[in-house]
Every structure is written in C-alpha cells, then in structure tokens.
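S.K.: In my numbering, the protein residues as written are 1226 to 1375.
Sharing a structure here in structure tokens format.
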Amino acid sequence: MSIGVDLSPAYLRKANQLFSKNPEELPQLVQANAEKSPYPDNYFHGISSVFLFHELPPAARQRVIEECFRVTKPGGVFTICDSMQLLDSPEFEVSMENFMAIFHEPYYRNYITDNLVERLEKAGFEQIETKNYFVSKYWIARKPEILSDC
C-alpha cells in the first residue's frame, strides 16, 4: 500500500483528484505535518520526499529527517528529491537567485548551501548516496539494520 502525506488540504484534494483517474491502486492520503507523523516507529520500508526540503526552515529540515528515521524500518531507505544545490552546479547560481526572487522562496537561500548529508548522518542514517540529474538532486540514505545503543 502507498501512503501520501501532505500538510496542505488543497494539495491532498488535487492528489486525490489525479489518483482517482487510475483507481486500480489508490494511495491513502493523509493530512499531517512531516515533522510529527501519525505513524508508529519502524513502520515504513521506504519513504520518499519530493521537493519539500527547500520549503522548510533549517530546524524543520532536521526534524523531518529525524521523524523519517523514526518511522523507517531498520534496513529501510529514505530518499529525498529536491532542487540542486549551489556546490553541485555553481554555474546555475544566477538561476537559483532568480528562482528565489520570482517564486518567493524564503528558505531556498539557506537550502542551496545546507549539507543534507550531515543532517541525515546526525539522524542516524548510513550509506548515504547523492545523485544529480540536471536541476534535481537526490539523497538516498539507509537506516541501519541493527541500531547501536549509543
């Protein structure tokens, strides 16, 4: 079963409208804050976040990562897809600056220099890979199979 979580009722309504066109397998859509989800510990085999992190203030980014760690099963995978960052493509700096100005993205400036690998490691994720595809960046992180007592 697939589950979609969003804080916005409007986005959830739109998702429901789009998914209902293919009723073979409808995901469960839940309105919740990604910083504190309604799911128990070790619930999901995998979690993906798509274009969320550039919308969040830095402290909220860390809380979302920690919450995803909590609800991911040992050995599970957490994948983030978001905008590229400045170090990935410095030649796009002007485009990134324009994006902030045109679309009113108050946390984007911090996001493009934020080290999400460090944030993922701080939460306990391991085997973190990053991949860049044009203007998108992916972080793929695993929750350890066996958690240490440290």
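Virtual Cβ for every residue (Gly too), placed ideally from N, Cα, C.
Which same chain residues, not among the five before or five after phenylalanine 1269, have their C-beta less than 7 Å away from its C-beta?
M.R.: Val1296, Thr1297, Lys1298, Gly1301
S.K.: Is tyrosine 1336 buried or exposed, if buried means 16 or more other CB atoms sit within 10 Å of its CB?
M.R.: Buried is the call here.
S.K.: Is the distance from the Cβ of glutamate 1354 to the Cβ of isoleucine 1365 below 8 Å?
M.R.: Yes.
S.K.: Given that a residue counts as buried once 16 or more other Cβ atoms are within 10 Å of its Cβ, and exposed if not, what is methionine 1321?
M.R.: buried
S.K.: Does tyrosine 1363 come out as helix, strand or coil in the three-state DSSP assignment?
M.R.: strand
S.K.: Can the beta-carbon of proline 1369 be found closer than 8 Å to that of glutamate 1351?
M.R.: yes
S.K.: Sorted by chain position, which residues of the same chain lie with C-beta nearer than 8 Å to serine 1274's C-beta, five sequence neighbours on each side aside?
M.R.: Leaving aside the five residues that flank serine 1274 on each side, the residues in its chain whose CB is nearer than 8 Å to its CB run, in chain order, Ala1259, Val1289, Cys1293, Phe1303, Thr1304, Ile1305, Cys1306, Asp1307.
S.K.: By alpha-carbon positions, which one of Ile1272, Arg1238, Gln1256 ends up nearest to methionine 1226?
M.R.: Ile1272
S.K.: Assuming contact is defined by CB atoms lying nearer than 8 Å, are proline 1263 and isoleucine 1228 in contact in what I supplied?
M.R.: No; because the gap between Cβ atoms is not below 8 Å, this pair is not in contact.
S.K.: Using a 10 Å radius around the Cβ and a threshold of 16 neighbouring Cβ atoms, would you call glutamine 1242 buried or exposed?
M.R.: By the C-beta density criterion, glutamine 1242 is exposed, having fewer than 16 other C-beta atoms within 10 angstroms.
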